[in-house]
Amino acid sequence: MLSLLAVALLAQAPADARPVAVLATSKRPGVDQYVATLTTRAHALLQREGVGPLLDEAAGRAQLKLAGISDSRTCQGGRACVTRLAVILGARAVVVGIDVGKAGASLAVVMEAIAADTGQPLVTSEFSVP
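Residue 113 in our numbering sits at position 63 of the sequence shown, with consecutive numbering throughout.
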């Protein structure tokens, strides 16, 4: 699933390179550690695969704070909100949103790369972890 994300972002022509930020886009109870791990791993994979320019999480958060957004997790995974985050990061930016929820002992994960200029997902991956 992470490889699919890298392929989708790399498939763009070099002239179309977009700044990419991987951000936690939901704040749900009991999943903070999982969100942090997934966000870190997704960023590392995109970096290893040469996706760029790639903003680190601290730089993305700093840009959002300058625009008055204190926490990307307040989006609660909503596409319109994540699109707004992408627009703040740049007219052609992409936000890879990481949304994790917990149901009993299982985790539900949605990773979605949203383009600022279209508001549409470049790729979406949903999976559960028992």
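For every residue, glycine included, the Cβ atom is placed at its ideal position computed from N, Cα and C.
query, result
"Residue environment, residue 98, which counts as buried when at least 16 other CB atoms sit within 10 Å", "exposed"
"Test item: CB-CB of residue 76 and residue 150 under 8 Å", "yes"
"Straight-line Cα distance separating residue 120 from residue 96", "25 Å"
"Coil, strand or helix - residue 122 by DSSP", "helix"
"Residue burial classification, residue 110 (beta-carbon count within 10 angstroms, cutoff 16)", "buried"
"Residue burial classification, residue 63 (beta-carbon count within 10 angstroms, cutoff 16)", "The predicted model places residue 63 with a pLDDT of 41, which falls under 50 and marks its position as unreliable; any figure quoted below should be read in that light. Under this definition residue 63 is an exposed residue."
"Proximity to residue 127 [Cα-Cα], best of 115, 102, 154 and 145", "145"
"Completely contained beta strand (DSSP E) runs for the segment 87–151, where each covers 3 or more residues", "none"
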